[in-house]
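Chains A and B are the protein sequences, given in the same order.
Positions in the first sequence are counted from 1; adding 431 to them yields this note's numbering.
Positions in the second sequence are counted from 1; adding 431 to them yields this note's numbering.
Cβ coordinates follow ideal geometry from the N, Cα and C atoms, glycine included.
A quick note: this is a predicted structure, and the numbers were derived from the prediction, not measured.
There are 2 protein chains.
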Amino acid sequence: MKIDYYCFPCFFKQSIIAGNLAKVDDNIRLKLIKETAKLINDIDITKSPAHFTTFLHRRIREIIGRDPFEDIKREYNAISLNLYEELKSIINNSKNSLNTAYRLAISGNIIDFGIFTHIDIHETIQNTLSGSLTIDRSQELTEALMSNQKVMYLLDNTGEIVFDRVFIELLIEIGKEVTVVVKGSNIINDATMSDAIDTGITNICRVIDNGSDCVGTILEWTSPDFQKEFNEAKLIISKGQGNFETLHDHNDKKKDIFFLFKSKCKPLSKILKATKGGSFIAHSKKDYIYL
Amino acid sequence: MKIDYYCFPCFFKQSIIAGNLAKVDDNIRLKLIKETAKLINDIDITKSPAHFTTFLHRRIREIIGRDPFEDIKREYNAISLNLYEELKSIINNSKNSLNTAYRLAISGNIIDFGIFTHIDIHETIQNTLSGSLTIDRSQELTEALMSNQKVMYLLDNTGEIVFDRVFIELLIEIGKEVTVVVKGSNIINDATMSDAIDTGITNICRVIDNGSDCVGTILEWTSPDFQKEFNEAKLIISKGQGNFETLHDHNDKKKDIFFLFKSKCKPLSKILKATKGGSFIAHSKKDYIYL
């Protein structure tokens, strides 16, 4: 996905949100704005928004002197862990546990660095479980799971990863060998190894990191070790808009990538003909699009 | 009103909207974004957003090579002129015609460079006529009108000025000597002399221009002729958020300024404790605030 003109106001919103979370003073807030403006002078609009926001958040962390999302990541994990038993029982009581797990994993994708309350998440779970998906390749995903022993699972945000955990536990129950991938270091509210530990994912399967602080999965910036595993993977479950933005045009016919996410911004929602917040199970082989 | 951090995303939205309206190509669109970013590097945040957007829209017009709002201004005037008879009959059929005229003038303030349809405007008229005002100095405005022969009326947007016309006609009917003020040259969708001519305002009273292309009324940038009239005016009716932004802290105890407007942005709505789109009749002597 290339940068859209409506991404630019959003870049500033991201630096404002980071300043809010870090509770920095007015001088630092203005510095964050001016640095965002400076970075825009050198922007490469042929790349994805994720490329730019990776640079932007590196600069934000430098200016603030620490990761502004550190506290909220811990908070989101804690809130979501309180939902764990409820999520398990939703799956256990469902007629089609795999489909329910897909939809729960998508509903967790609502947990981003905006507002997040118990009310929001319960409403989102209900809506995502019963509502329609803008793209629904759940049947293809189930077929791919039936014919593959190994699954690579690309995580997205903290908090959300508890929803992924119940899905991953189901995959393990049905005999799959799952490798979970987290970010190599801090970027926005994305999950890193410490979040996988905090939410118990390291206890249930192998977890690796991608060696990068990129938004989404910008392959050329990830570590050689991760690239090797990614290239060898036959079935990948990719969570979140950032991973979709950076991998939707990955053109490897030997690989099935399933993108489970909610569209969270106007430009992407417009391209995908979705309402903002629309839910997706897209498939790299069927829904390959050059955006 | 000083610049808020949430103004920055909006500055970019303004350059995007200008590009959309002018239907410029992708190179020019990117140039508009980059120039907005460059201007932010030199921003003076102790001034109002209106100061910055004046510079911004000058640069936008330079880059595009013409006024991007030219066509939409004409369109808004034409749509509003079709409402003229209806607006007159609302006033004629009301029990308190002055109060109705105040509220109609405020409802016209919804006509900005966003979406504008007949449905929106009829709904806005009904809501503004019957709903509550966040600040309501209508009684003080009526008293000021009863004790002043002369009224200076600062116009805001095209389209909206037809709503102002029916108010001004009522002021003339009750014997007031009205001087209407338009912008000295093009700025966003604000009314200039040609709009006053197109909507028949020049036929009903004296119309002068403020000699400037500023957003709102930035007094030091207006012409000496206008400044003289402004300084001598005892009663001023000021329309729109831009005029409120730039004149709300005008500290002249010999003058009554009444601000009739809808708050259209989050930062201002937050400061004024209003919902976005909240309606106001504020009074310089009672509602003087340093924002």
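query, result
"Endpoints, beta strand (DSSP E) assigned at A:E608", "608-613"
"Interfacial residues, the segment 468-483 of chain B to chain A, with Cβ spacing under 9 Å", "A468, K469, L470, I471, N472, I474, I476"
"Member of A:L452, A:D475, A:L518, A:F661 whose CA lies at the smallest distance from the CA of A:I491", "A:L452"
"Nearest residue (CA-CA) to B:A481, options B:K433, B:T633, B:I592", "B:K433"
"Start and end residues, alpha helix (DSSP H) containing B:I447", "438-453"
"Test: A:R460 CB closer than 8 Å to a CB of chain B", "yes"
"Residues of the segment 490-522 of chain A with Cβ closer than 9 Å to any Cβ of chain D, in chain order", "Judged by its chain identifiers, the structure shown contains no chain D, and its protein chains are A and B."
"Rounded Cβ spacing between B:L586 and B:V613 (contact assumed at less than 8 Å)", "5 Å"
"Contact with chain B by A:F486, beta-carbon distance below 8 Å", "no"
"Any beta strand (DSSP E) of 3 or more consecutive residues that is wholly inside the segment 541-602 of chain B", "581-585"
"A:H553 burial status per 10 Å Cβ neighbour count (16 or more: buried)", "exposed"
"Cβ-based burial, B:N458 [other Cβ within 10 Å; buried from 16]", "exposed"
"Those residues which DSSP pairs with B:L512 across a bridge", "Beta-bridge pairing links B:L512 to no other residue."
"Inter-stretch contact at 8 Å, needing at least 3 Cβ pairs: the segment 687-695 of chain A / the segment 642-661 of chain A", "no"
"Distance, A:L564 Cα to A:E578 Cα", "Just to set this straight, residue 578 of chain A is Ser in the shown sequence, not Glu. Going from the Cα of A:S578 to the Cα of A:L564 covers about 24 Å."
"Bridge partners - B:H714, DSSP secondary structure assignment", "B:F689"
"Secondary structure of A:K465, DSSP reduced to three states", "helix"
"Option nearest A:N634 by Cα separation, candidates A:G642, A:I603, A:I476, A:L666", "A:I603"
"Exposed unless 16 or more other CB atoms sit within 10 angstroms - verdict on A:S520", "exposed"
"Sequence-distant residues of its chain with Cβ nearer than 6 Å to A:E571 (five each side left out)", "H714"
"Touch test, the segment 504-511 of chain B against the segment 589-603 of chain B, Cβ-Cβ under 8 Å, three pairs minimum", "yes"
"Neighbourhood of A:A532 by C-beta, 7 Å cutoff - its chain only, sequence neighbours within 5 removed", "I522, V597, F598, L601"
"Proximity below 8 Å, CB of A:N617 to CB of A:D502", "no"
"Exposure label - A:R460; buried when at least 16 CB within 10 Å", "buried"
"Extent of the continuous alpha helix (DSSP H) run through A:S700", "697-702"
"Contact under 8 Å by Cβ, B:T485 with B:C645", "yes"
"Beta-carbon proximity of A:F443 to B:F690, cut-off 8 Å", "no"
"Interfacial residues, the segment 443-459 of chain A to chain B, with Cβ spacing under 8 Å", "F443, K444, I447, G450"
"Simplified DSSP state of A:R505, which is helix, strand or coil", "helix"
"Euclidean distance between Cα positions of B:G539 and B:N620", "13 Å"
"8 Å Cβ shell around A:S446 - same chain, five flanking residues per side excluded", "L463, I464, E466, T467, L487, I491"
"A:D718 versus A:G673: straight-line alpha-carbon distance, rounded", "17 Å"
"Span separating the alpha-carbon of A:F657 from that of A:M624", "14 Å"
"Helix, strand or coil at B:T623 according to DSSP, with G and I counted as helix", "strand"
"Residues that DSSP places opposite B:L666 in a beta bridge", "B:D687"
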